[in-house]
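S.K.: Everything in the sequence shown is counted per full-length UniProt numbering, starting at 1 for the first residue and increasing by one.
Ideal Cβ placement from N, Cα and C applies to all residues, glycine included.
This structure is in structure tokens; I'll ask about it shortly.
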Amino acid sequence: MAVELFSTSEHKCIVFPDLVRGDDGVQANQFLVVHGDKSALIDPGGALLYTPLNLAMSRYVQTRELTYILASHQDPDIIGSVDRWLMYSDCTIVCSKLWGRFIPHSVPHYQKGAGGDRYLLVPDEGIDIPMGSAHLRALPAHFLHSVGNLSFWDPVSRILFSGDVGASMVASGTAYAPYQDFSSMVGRMEGFHRRYMAGNRVCRLWAGMVRKLKPEMIVPQHGLPMKGAAIGDFLSWLEQLECGIDLLGPANYRV
């Protein structure tokens, strides 16, 4: 089921939160931003989701007319279906410059129309992505968790699509709705962030950047979106979080 996070006559942000069935894989959200005749599909997922996502988004945009695929990083639940999107649409793949030669490994060598001209490679500092009279901004989120990781900022809706940052592990079938009480969700995200995020320094840098944006909503790829007081509480928690290499010592590397 599609959920509209933001909607005006010209600009829409839509999430598809329930296309992964039951125990088929980890719960994942796919996002569509439409501005006029331009559209961007964020983290569309792997082959498991291509057909159901294609059908679900057809209410808003036809596959052939899709402008962009935005990939926060290179994991299969992010961009594993890239070969099909390249084949059945004329979209441009937007990803970190670090993954510009890795993502094509998911594309058969015989497939036409999948060359380097189909990619917009994002420098480490980020880039604006034109959307007609508007734009999206690819922001650095490196090492959270991928070495070439991006968040996507929509200035019109003031929604930050944060990828794995802020992800919460929720049960299949959980109603998709924003939460404002961070304490009710921290138990569903702490273990994931401690393991998957590289270290506290990058958490602090990212949180400081996000505070300057003053987002209305932070929307991760897994779990539920946050708004209101939960945003500030989450950023404060993230700034103090020990994770990744902070937790490692000699005992973790022994024979």
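S236: which of V219, C203, A47 and E10 sits nearest, CA to CA?
M.R.: Answer by Cα proximity: C203.
S.K.: Could you give the distance in angstroms between the alpha-carbon of F143 and the alpha-carbon of G208?
M.R.: About 15 Å.
S.K.: Taking C-beta to C-beta, are L19 and M57 nearer than 8 Å?
M.R.: Not closer than 8 Å, so no.
S.K.: Distance check for G46 and P140, CA to CA, integer angstroms please.
M.R.: Approximately 23 Å between the Cα atoms of the pair.
S.K.: What's the gap between the Cα of D75 and the Cα of H145?
M.R.: Distance between the alpha carbons of D75 and H145: 10 Å.
S.K.: So, under 8 Å CB-CB, L70 and S39 are touching, yes? Tell me the CB distance rounded to an integer number of Å.
M.R.: That pair is no contact at about 11 Å.
S.K.: Taking 6 Å as the limit between beta carbons, can you name the residues of its chain near Y119, skipping five residues before and five after?
M.R.: Contacts found: I93 and G100.
S.K.: Does the ligand SAH have even one heavy atom less than 7 Å from the beta-carbon of G232?
M.R.: In terms of ligand content, the structure shown is empty, and the ligand SAH therefore cannot be addressed.
S.K.: Which runs of the alpha helix (DSSP H) at least 4 residues long sit entirely within the region 42-73? Give them in chain order.
M.R.: If we require 4 residues or more, the alpha helix (DSSP H) runs fully inside the region 42-73 come out as 47-57.
S.K.: Starting from V94, trace the beta strand (DSSP E) in both directions and tell me its first and last residue.
M.R.: Its beta strand (DSSP E) spans residues T92 to S96.
S.K.: If we require 3 or more residues per run, which beta strand (DSSP E) segments fall completely within the region 180-242?
M.R.: 217-220, all fully within the region 180-242.
S.K.: Per DSSP, L150 is paired with what?
M.R.: Answer is P140, bridged to L150.
S.K.: Candidates D83, G244 and E190: which alpha carbon is nearest G223's?
M.R.: Nearest C-alpha to G223: E190.
S.K.: So what's D77 in DSSP terms, helix, strand or just coil?
M.R.: It is helical.
S.K.: Applying the 10 Å Cβ sphere with the 16-neighbour rule, what's the burial state of K12?
M.R.: Classification for K12: buried.
S.K.: For a test of the three-state rule: what should DSSP assign to P250, helix, strand or coil?
M.R.: The answer is helix: DSSP assigns P250 an H, G or I state.
S.K.: When you compare only the Cα positions, how much space is there between S183 and A229?
M.R.: Their backbone Cα atoms lie some 11 Å apart in a straight line.
S.K.: Just the C-alpha distance for P220 and Q27, rounded to the nearest angstrom, thanks.
M.R.: Near 11 Å, if we compare the C-alpha coordinates of Q27 and P220.
S.K.: In the DSSP assignment, find the unbroken beta strand (DSSP E) run with Y119 in it and report its ends.
M.R.: First-last of the beta strand (DSSP E) with Y119: Y119 to V122.
S.K.: If distances are taken between C-alpha atoms only, which option among D246, V255 and N200 comes closest to L238?
M.R.: The candidate whose alpha carbon is nearest that of L238 is N200.
S.K.: Within 10 Å of its beta-carbon, does Q30 have 16 or more other beta-carbons around it, so buried, or fewer, so exposed?
M.R.: Label assigned to Q30: buried.
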